[in-house]
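Heads up, the thing below is written out as structure tokens.
Residue numbers (my numbering): 1133 to 1186.
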């Protein structure tokens, strides 16, 4: 089998909760902000891999 090229490691970004909004009884919108997010490069698939750790 051919080896796959190594993925570029993803950098963790620290953010602060700016505001929250209850959308439904089981869904919450969380708006984040902070200096570290200035370096965050969003692209077409950003919403597919963003993970929040509490």
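All C-beta atoms, glycine included, are put in the ideal place defined by N, C-alpha and C.
On a predicted model such as this, the values are computed, not experimentally measured, just so you know.
Measuring alpha carbon to alpha carbon, tell me which of the options ends up nearest residue i.
i            : options                : result
residue 1154 : 1171, 1144, 1162       : 1162
residue 1164 : 1170, 1138, 1175, 1147 : 1147
residue 1178 : 1135, 1142, 1158, 1166 : 1142
residue 1167 : 1149, 1135, 1140       : 1149
Less than 8 Å between the C-beta atoms of residue i and residue j, yes or no?
i            : j            : result
residue 1184 : residue 1145 : no
In terms of DSSP beta bridges, what is residue i paired with?
i            : result
residue 1149 : 1164
residue 1154 : 1160
For residue i, which three-state DSSP category applies?
i            : result
residue 1169 : helix
residue 1176 : coil
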